[in-house]
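**Q**
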Amino acid sequence: MPQFIRQVAQLPNGWYIIIGVQAVSHLSSYLVPALIYWYHFETRRWPDFQNRPIGAVSGLWIGLLSVVAILPINELIIDWNQHLPLPALLGPVGEWMHRKEQESSLLTAQLVTFNSVHQLLIAVGVIGFVAAIGEEIFFRGVVQHKLMEWTTNVHLSIWLAAVLFSIAHVQFYGFFPRLILGALFGYLYYWSGNLWVAVIAHLINNSLIVITLYFQQQTVYRHTNFRVDITSWFWIVASLFAVLVLLIRFHRLNRNTSIKPS
7 MPQFIRQVAQ LPNGWYIIIG VQAVSHLSSY LVPALIYWYH FETRRWPDFQ
57 NRPIGAVSGL WIGLLSVVAI LPINELIIDW NQHLPLPALL GPVGEWMHRK
107 EQESSLLTAQ LVTFNSVHQL LIAVGVIGFV AAIGEEIFFR GVVQHKLMEW
157 TTNVHLSIWL AAVLFSIAHV QFYGFFPRLI LGALFGYLYY WSGNLWVAVI
207 AHLINNSLIV ITLYFQQQTV YRHTNFRVDI TSWFWIVASL FAVLVLLIRF
257 HRLNRNTSIK PS
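For reference, each letter of the sequence shown is one residue, going 7 to 268 in the numbering used here.
Structure, rendered in structure tokens:
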């Protein structure tokens with residue numbers, strides 16, 4: 007697989023092939039199965055994903071701003087997670103996890119190597135929007151919704167869906183930061199009563215990463231450090247405080263319109 011990715015990347019239009027395959031993969035893995043299940047097995051429709059239109063969500067910008075505010079905390083978790091060794095007791099499973107991690111890292115590196123603004127826009131469309139809408143419909147719209155019906159426990163459902171969301175990416179060294187983001191998207195969906203809030207939050211997170219990587223590749227910005235200084239506890243404490251304030255405020259503004267199990 008790594009050799010195949012490298013060979014495709016060397017083709018004249020290799021990047022477009024890889025990003026196209028990624029788009030089809032996301033659609034066929036998440037969006038299409040989720041909609042087929044929702045429409046034909048649950049016999050429900052799109053409006054059943056939400057309690058109200060997005061225009062009726064109170065303090066929408068407050069909820070979405072939490073996605074930006076959590077970045078310093080997540081940078082710290084990313085750094086911690088990347089230094090966690092795979093348990094030796096896992097044996098062949100550990101070797102498989104390590105191999106999948108290498109494949110995912112190589113694929114990501116190819117996807118975010120841009121030669122033009124045109125490619126950046128395509129990447130934002132695929133890695134940002136396509137991934138966001140497919141994964142949010144699947145993990146929040148369907149999985150989290152069904153877990154709430156089965157367990158009748160909101161918090162358990164949100165965190166279980168977040169665990170499954172992170173596992174599905176098969177990236178051990180990104181498991182915990184993705185778990186936190188999955189839970190954040192889950193709470194934004196639950197409190198807002200509208201799935202588009204989670205989709206937009208996911209889109210913002212992915213797009214910020216893609217755009218930051220694009221600027222890092224530009225000669226004029228090559229020596230600019232875009233990452234948060236995780237050795238400074240000021241940024242970590244400020245991030246934690248901001249996230250808590252924003253989420254508490256968003257929750258209070260939308261207290262009576264949360265998604266209920268059906």
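For glycine and all other residues, C-beta sits at the position ideal for the given N, C-alpha and C.
1. Return helix, strand or coil for G65, following the three-state DSSP convention.
2. When the Cα of V278 is compared with those of L70, V136, F181 and I164, which residue comes out closest?
3. So for I76, helix, strand or coil by DSSP?
4. Under a three-way DSSP split, which group does V118 fall into?
5. Label A3 either buried or exposed according to how many other C-beta atoms from any shown protein chain fall within 10 Å of its C-beta, with 16 as the threshold for buried.
6. Between the alpha carbons of A62 and L194, how many angstroms are there, rounded?
7. Excluding sequence positions up to five away, which residues of its chain have a Cβ less than 7 Å from the Cβ of A138?
8. Okay, do the segment 57-72 and the segment 242-254 touch, 3+ Cβ pairs below 8 Å being the bar?
9. Taking buried to mean at least 16 other C-beta atoms within 10 Å of its own C-beta, is I79 buried or exposed?
10. Give the secondary structure of L90 by DSSP, where H, G and I count as helix, E and B as strand, and everything else as coil.
11. Cβ atoms of L185 and A167: under 8 Å apart, would you say?
12. Of all the CB atoms in chain D, is at least one closer than 8 Å to the CB of W239?
13. Since H197 is in the alpha helix (DSSP H), which residue starts that stretch and which ends it?
14. Distance, Cα to Cα, L127 vs V118?
15. According to the neighbour-count rule (16 or more other Cβ atoms, all chains shown, within 10 Å of its Cβ), is L187 buried or exposed?
16. Buried or exposed: R146, going by 16 or more other Cβ atoms within 10 Å of its Cβ?
17. Compute the distance between the beta-carbons of L190 and V73, then report whether it is under 8 Å.
18. Please report the straight-line C-alpha distance between I25 and A129, rounded to a whole angstrom.
19. Compare the Cα-Cα distances from P183 to each of G199, I83 and R258 and report the closest residue.
20. Please list, in chain order, all residues of the same chain as Q88 whose beta carbon is under 7 Å from its beta carbon, the five residues on each side excluded.
21. For a test of the three-state rule: what should DSSP assign to P59, helix, strand or coil?
22. Tell me whether Q177 is buried or exposed, calling it buried when 16 or more other Cβ atoms sit within 10 Å of its Cβ.
23. Give a yes or no on whether the C-beta atoms belonging to I143 and L37 are separated by under 8 Å.
24. Would you tell me roughly how many angstroms separate the C-alpha atoms of W44 and N57, rounded to the nearest one?
25. Is N159 helix, strand or coil by DSSP?
**A** In short:
1. By 1-based counting over the sequence shown, the position of residue 65 is 59. Three-state DSSP puts G65 in coil, outside helix and strand.
2. Residue 278 is absent from the structure shown; the chain starts at 7 and stops at 268.
3. Walking along the sequence shown from the start, residue 76 turns up at place 70. Three-state result, I76: coil.
4. The residue you call residue 118 lines up with position 112 of the sequence shown. Here DSSP, grouped into helix, strand and coil, assigns V118 to coil.
5. Lying before the first or after the last residue shown, residue 3 is absent from the chain, which here runs from 7 to 268.
6. On the sequence shown, position 56 is the one that residue 62 refers to. On the sequence shown, position 188 is the one that residue 194 refers to. Looking at the backbone, the Cα of A62 and that of L194 are separated by about 14 Å.
7. As a working mapping, residue 138 is identified with position 132 in the sequence shown. Only V205, H208, L209 and N212 meet the Cβ criterion.
8. The answer is yes - the segment 242-254 touches the segment 57-72, with three or more Cβ pairs under 8 Å.
9. Position 73 of the sequence shown, counting from 1, holds the residue named residue 79. Result: buried.
10. Residue mapping note: residue 90 aligns to position 84 of the sequence shown, counting from 1. The DSSP-derived three-state label of L90 is coil.
11. Residue 167 sits at position 161 when you count from the first residue of the sequence shown. Residue 185 sits at position 179 when you count from the first residue of the sequence shown. If you check the CB distance, A167 and L185 do not come in under 8 Å.
12. No chain D is present in this structure, which holds just one protein chain.
13. The residue labelled residue 197 in the question sits at position 191 within the sequence shown. Here the sequence assigns Trp to residue 197, which means His is not the residue at that position. Unbroken alpha helix (DSSP H) run through W197: F181 to S198.
14. Position 121 of the sequence shown, counting from 1, holds the residue named residue 127. Position 112 of the sequence shown, counting from 1, holds the residue named residue 118. In this model, L127 and V118 are separated by some 11 Å (Cα to Cα).
15. Indexing the sequence shown from 1 puts residue 187 at position 181. When all chains shown are included, L187 counts as buried.
16. Along the sequence shown, one-based indexing puts residue 146 at 140. Of the other Cβ atoms in all chains shown, 16 or more fall within 10 Å of the Cβ of R146; this residue is therefore buried.
17. Taking the sequence shown and counting its residues from 1, the one referred to as residue 190 is at position 184. Taking the sequence shown and counting its residues from 1, the one referred to as residue 73 is at position 67. Yes, these two residues count as a Cβ contact at 8 Å.
18. Here residue 25 refers to the residue found at position 19 when the sequence shown is read from its first residue. Here residue 129 refers to the residue found at position 123 when the sequence shown is read from its first residue. Just so you know, the alpha carbons of I25 and A129 end up roughly 7 Å apart.
19. Here residue 183 refers to the residue found at position 177 of the sequence shown. The candidate whose alpha carbon is nearest that of P183 is I83.
20. The residue labelled residue 88 in the question sits at position 82 within the sequence shown. Y179, listed in sequence order.
21. Taking the first residue of the sequence shown as position 1, residue 59 is located at position 53. Judged by DSSP in its simplified three-state form, P59 adopts coil rather than helix or strand.
22. The residue labelled residue 177 in the question sits at position 171 within the sequence shown. Flag for Q177 reads buried.
23. Here residue 143 refers to the residue found at position 137 when the sequence shown is read from its first residue. Here residue 37 refers to the residue found at position 31 when the sequence shown is read from its first residue. Remark: C-beta atoms of I143 and L37 approach each other more closely than 8 Å.
24. Counting from one through the sequence shown, the residue named residue 44 turns up at place 38. Counting from one through the sequence shown, the residue named residue 57 turns up at place 51. Straight-line Cα distance between these residues: approximately 16 Å.
25. Locating residue 159 in the sequence shown gives position 153, where the first residue counts as 1. Residue state for N159 is assigned as coil, using DSSP reduced to three classes.
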